[in-house]
Every structure is written in structure tokens, then in C-alpha cells.
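These notes concern the structure reproduced below.
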Amino acid sequence: MPQPARRLEVFTESVIREMTRLSNRHGSINLAQGFPDFDPPVELVDALAAAIRGPHHQYAVTWGAPRFRQALAAKHQRFTGLEIDPDRHLVVTCGSTEAMMVSMMTACDPGDKVIVFSPFYENYAADAILSGAVPVHVPLHAPGFTFDPDELRRAFAAGAKAIVICNPANPSGKVFTREELLFIAGLAEEFDAFVLMDEVYEHIVYAPHQHTYFATLPGMWERTLSCGSLSKTYSITGWRLGHVIAPEALISRARKVHDFLTVGAAAPLQEAAVTALQFPDSYYAELQRDYDRKRDVFLDCLRATGLHFTEPQGAYYTLLDISPLGFATDTSAAEWLTREVGVTGVPGSSFFREPEHRYIRFHFAKKEETLRTAGEKLTAGLRRGR
Ligand code: GLN
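Using the numbering used here, you'd call the opening residue of the sequence shown number 1054 and step up by one each time.
Next comes the structure, spelled out in C-alpha cells:
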């Protein structure tokens, strides 16, 4: 066989998704891949049933069905105050996964350097490598997951073309403060770099923390590609609806990448999702209340194990420090938890550039009863020991 592409040798398949497969094989509670076990809002399911009966079975406009783009522009404008033109400032993608890939390929040529914080969501390094770009990692230091301003400045000064920021952050649960973001904005300006934002958890932020949309910072609209998705906000991860929002000069290029990658997101799903984008403010308040409760329930369960864990400021992940359990690696711990305890998380090393094997990442986008059962299993299993 000829030599297949060498760039595929420097990263593995997603460990997050692999843990879902492992969980399915063992019938364990899957707190690995972040997706809900509860239904999306019933209005949305009804809208999908209606859309399926409608005339939406062929390709939508490549960069998004007009009604969906209008609703998305209006919703984004409502939350950010930015003026979004549905015809010029956005492209609809297959999830934020594609949105981030499109942003990377829009911003970077092969050989360009891209700053990626560590810990980071697995996809970013793979996105960079697939684009021919080179990820340059800057650590977020535990316990607060703060960056060292000098370290970050050095990474920019070494010639970064772009920086990737997940805010609220997966897996650390960090919500970047306005001051931190302003500092990054200053560096992006000084070193003329793009900012690739993954803001899929924009609506899951625990008080008193507050989400700042990066593109709203002074001067940042021009150099920011803001990626988002409907997956987490409306509990529809399987619908694969995401988007890039950016100025026209970037979107006109991003459309090309998107067009040749996937042509478009599913037409009937875009049609149905208009309903979600028109939900009133009370929907978002209730979503937040639900996640406040889930976070409290799950963290209480983890407290009962006696182990340390991170308290998320946003998103729905926590890193449980399993070092006292004495496993050789986090991977063997995650496998043991799946097999013997019946709860699956993601080995934390998958999110770190550094050799960090202390953590298992669990998510809590689950029904409270699922979280309680998982908590009981964890406490009993860890007490029993290996
Ligand atoms: N964001 C989710 C997680 O980190 C997974 C998303 C995905 O698998 N595409 O678990």
C-alpha cells in the first residue's frame, strides 16, 4: 500500500467518542461525551415533525437556509448587541465541529502557528494539523486555569497567526474574565492575529460568572471568527447545527471552505430549529436553572467520594482528581470505572499537552436521577476499591 497521509499519524481518534463506544459496550452510565439523556423542548420536536412533512428534502442554500439565518442573526444580535446581517455575516455548518474546522482553514495557511491553550477540547489540535497549521500550546495553570501573561505574549511574539479560545471552557469549566479577554485582545491586535472562538456553552454560565462575547470587545469584531452551535443550548447534539459568525471579508472565504467540505447542514433540521432560535428569554433562564441544579447534584455526589474536583464556572464538565487512587494512568482508571463501577468519564490526559494523568473528566448534562445513580455507583465503587 502507498504511504497514506503522514499528518494522520500525529493524532489519534477522539478519546471522548471512543469512551462513548466503551460505555455502550459495557452498559455503563456515559458521563464521557457531553450530550444530554433528556429530551429537547417539545415545541422543537413538534417543529421537526412538521418540517419533515414540508418541502425541505433537498439542499438548503449552501451557507444556510434563509429563514434559519434570519432567526440566528436576530438571536445572536439579541444576546451580543452586534449587528448581524444574515446574508453577509454568517455561515451555517454541521455543528460547531465543522465551524471550528472552517474557521481554522479560513484563518490559516499550511505552516502557520495557532495558539491552543492546554487543557483544550481535543478537536482544536486535530483541526490545526488537518489544516496544515502548527498548534502551539500555552498552559492554563491549575487550580484556577489562569494563563501566565508573559507566556502568552511570548507565544504571540513567536509569530502566531491565530489563537483558539473555548469560552466557557471545555474541559476546565473556566469562564474567561473580561480583563483576561481584553488582555488577549490587546495581543491579537499587537501581533495581528485572528481569534477563533468556540462559544458553544455561551448559555451555561454559573453566577456570579458572566460570559463576554469576544467579538463585542473593542476592535475585535474584525479579527474574530465566532463559532457556536444549537447542540448544547437546545439539547440537540445529534442535529449537527452550528455556525460561524464573522465580518463579511472572512465569511465570504469561510463559505468556500464550508461549501467544499459539506455543502450544507440538513435542510429540514434548519427549518425546525427556527422555532428554538425564537424562544423567549425565559427559555435561557430556565436552562441555566436546570444546569445550576445538575451541577449542585453532581458535585455533591463527587464530594461524597472524598476526592478533589474542579468547580466549573461555566459549561458542564468537572475534572475529578483520581491521583489518590494510585492507578498507573488515567486511561486504566477510566477503563476500570467503566467495567467495575459502571460510570464512564474521559481520561483527562486527552485534553492536556503536558503529561497530566491526574484527572477524569465527567459531564453532568444528564437527568438528576442519572447523576444520582452515577454518584452512588462512584461512591460505592471507590470505597470498595480495586
Ligand atoms: N463537546 C462534547 C464533549 O466534549 C462532545 C462533542 C462531540 O463529540 N462532538 O464531550
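No residue lacks a Cβ here, since even glycine has one placed at the ideal position from N, Cα and C. Bear in mind that the values here come from a model prediction, so they are computed numbers and not experimental data.
task = Classify methionine 1273 as buried or exposed, calling it buried when 16 or more other Cβ atoms lie within 10 Å of its own Cβ.
result = Buried, since its Cβ has 16 or more Cβ neighbours within 10 Å.
request  = Determine, using beta-carbon pairs with one atom in the region 1211–1224 and one in the region 1115–1131, whether at least three such pairs fall under 8 Å.
outcome  = For the pair of segments examined, the region 1211–1224 was found not to touch the region 1115–1131: the number of CB pairs separated by less than 8 Å stays below three.
Alpha-carbon to alpha-carbon, aspartate 1251 and valine 1388 = Correcting the residue type first, residue 1388 is glutamate in the shown sequence and not valine. Using only the alpha carbons, I get a separation of about 29 Å.
query = Residues bridged to methionine 1158 by DSSP?
reply = DSSP lists no beta-bridge partner residue for methionine 1158.
key: Span separating the alpha-carbon of glycine 1197 from that of tyrosine 1336   = For the pair glycine 1197 and tyrosine 1336, the Cα-to-Cα distance works out to about 30 Å.
ask   = CB of threonine 1150 to nearest heavy atom of the ligand GLN: below 6 Å?
value = Yes, the ligand GLN has a heavy atom inside 6 Å of this Cβ.
query = Applying the criterion that 16 or more other CB atoms from any shown protein chain within 10 Å of the CB defines a buried residue, is threonine 1065 buried or exposed?
reply = By the neighbour-count rule (16 or more Cβ atoms within 10 Å), threonine 1065 is not buried but exposed.
Contact between the region 1414–1433 and the region 1387–1406 (3+ Cβ pairs under 8 Å) = Per the Cβ contact rule, the region 1414–1433 is in contact with the region 1387–1406 (3 or more Cβ pairs under 8 Å).
message = Considering just the uninterrupted stretch of the alpha helix (DSSP H) at aspartate 1334, what are its terminal residues?
response = Element bounds for aspartate 1334: 1334–1358.
key: isoleucine 1413 (DSSP reduced to helix, strand or coil)   = Of the three classes helix, strand and coil, the one that applies to isoleucine 1413 here is strand, per DSSP.
C-alpha distance - arginine 1070 paired with glutamine 1086, whole-angstrom precision = Straight across, the Cα-Cα distance linking arginine 1070 with glutamine 1086 is about 6 Å.
ask   = Hey, leucine 1097 and leucine 1125 are a contact pair by Cβ (cut 8 Å); roughly how many whole angstroms apart?
value = Rounded, the Cβ-Cβ distance is 15 Å, inconsistent with contact.
ask   = Excluding the five sequence neighbours on either side, which residues of its own chain have a C-beta within less than 6 Å of the C-beta of arginine 1411, listed in chain order?
value = Closer than 6 Å at Cβ, skipping near neighbours: Asp1374 and Ser1376.
key: Closest residue to lysine 1128 among Ala1238, Ala1181, His1416 and Pro1333 (Cα-Cα distance)   = Per the Cα distances, Pro1333.
message = Closer than 6 Å to a non-hydrogen atom of the ligand GLN - does that hold for the CB of isoleucine 1069?
response = Yes, the Cβ of isoleucine 1069 comes within 6 Å of a heavy atom of the ligand GLN.
query = Buried or exposed: which applies to glutamate 1422, given that a residue is buried once 16 or more other Cβ atoms fall within 10 Å of its Cβ?
reply = Flag for glutamate 1422 reads exposed.
query = How about the region 1076–1085 and the region 1271–1288: do they share at least three Cβ pairs that are nearer than 8 Å?
reply = Contact between the region 1076–1085 and the region 1271–1288 is absent, with fewer than three C-beta pairs closer than 8 Å.
ask   = Alpha carbon to alpha carbon, what distance is there between threonine 1382 and isoleucine 1082?
value = Distance from the CA of isoleucine 1082 to the CA of threonine 1382, rounded to the nearest whole angstrom, comes to 21 Å.
query = Would you call the region 1149–1156 and the region 1353–1368 touching, i.e. three or more CB-CB distances under 8 Å?
reply = With a cut-off of 8 Å, the region 1353–1368 and the region 1149–1156 do not count as touching, because too few Cβ pairs lie within range.
key: Alpha-carbon spacing of glycine 1164 relative to arginine 1060, whole angstroms   = Taken atom to atom, the span from the alpha-carbon of glycine 1164 to that of arginine 1060 is near 13 Å.
query = Is the region 1366–1373 close to the region 1227–1247, with three or more CB pairs under 8 Å?
reply = The region 1366–1373 makes contact with the region 1227–1247: 3 or more CB pairs, one atom from each, lie closer than 8 Å.
task = Please confirm whether any heavy atom of the ligand GDP lies closer than 6 Å to the CB of glycine 1087.
result = Absence of the ligand GDP from the depicted structure is noted, with the ligand GLN being the only ligands included.
request  = In the DSSP assignment, find the unbroken beta strand (DSSP E) run with lysine 1214 in it and report its ends.
outcome  = According to the DSSP assignment, lysine 1214 belongs to the beta strand (DSSP E) that extends over 1213–1219.
request  = Tell me, to the nearest whole angstrom, how far the beta carbon of tyrosine 1266 is from that of threonine 1133; I am working on the premise that it is less than 8 Å.
outcome  = With a contact defined as Cβ atoms closer than 8 Å, tyrosine 1266 and threonine 1133 qualify at about 5 Å.
Per DSSP, the bridge partner or partners of histidine 1296 = Looking at the DSSP output, histidine 1296 sits in a beta bridge with Val1145 and Gly1281.
Alpha carbon of threonine 1146 to alpha carbon of threonine 1277, nearest angstrom = Cα to Cα, the separation comes out at about 17 Å.
ask   = Using DSSP with H/G/I as helix, E/B as strand and the rest coil, what is leucine 1424?
value = The answer is helix: DSSP assigns leucine 1424 an H, G or I state.
inquiry  = Within the continuous alpha helix (DSSP H) that includes proline 1119, where are the two ends?
reply    = Segment 1119–1133, the alpha helix (DSSP H) holding proline 1119.
message = I'd like to confirm the pairing. Which residues does DSSP put opposite asparagine 1466 in its beta bridges?
response = Any question about residue 1466 goes unanswered here, given that the chain covers just 1054 to 1439.
message = Taking the beta carbon of histidine 1296 as the centre, do at least 16 other beta carbons fall within 10 Å, making it buried, or is it exposed?
response = Buried, because 16 or more other Cβ atoms sit within 10 Å of the Cβ of histidine 1296.
request  = In angstroms with no decimal places, state the Cα-to-Cα distance between isoleucine 1216 and proline 1094.
outcome  = Straight-line Cα distance between these residues: approximately 35 Å.
Cβ-based neighbour list, aspartate 1090, same chain, cut-off 7 Å, excluding 5 preceding and 5 following = Within the same chain, Cβ atoms closer than 7 Å to the Cβ of aspartate 1090 are found at Lys1419, Lys1420 and Thr1423, the five residues on either side in sequence being excluded.
Option in Ala1058, Glu1232, Ala1318 and Ala1386 with minimal Cα separation from glycine 1185 = Among Ala1058, Glu1232, Ala1318 and Ala1386, the Cα nearest to that of glycine 1185 belongs to Ala1058.
query = Using DSSP with H/G/I as helix, E/B as strand and the rest coil, what is aspartate 1251?
reply = Residue state, collapsed to three classes: strand.
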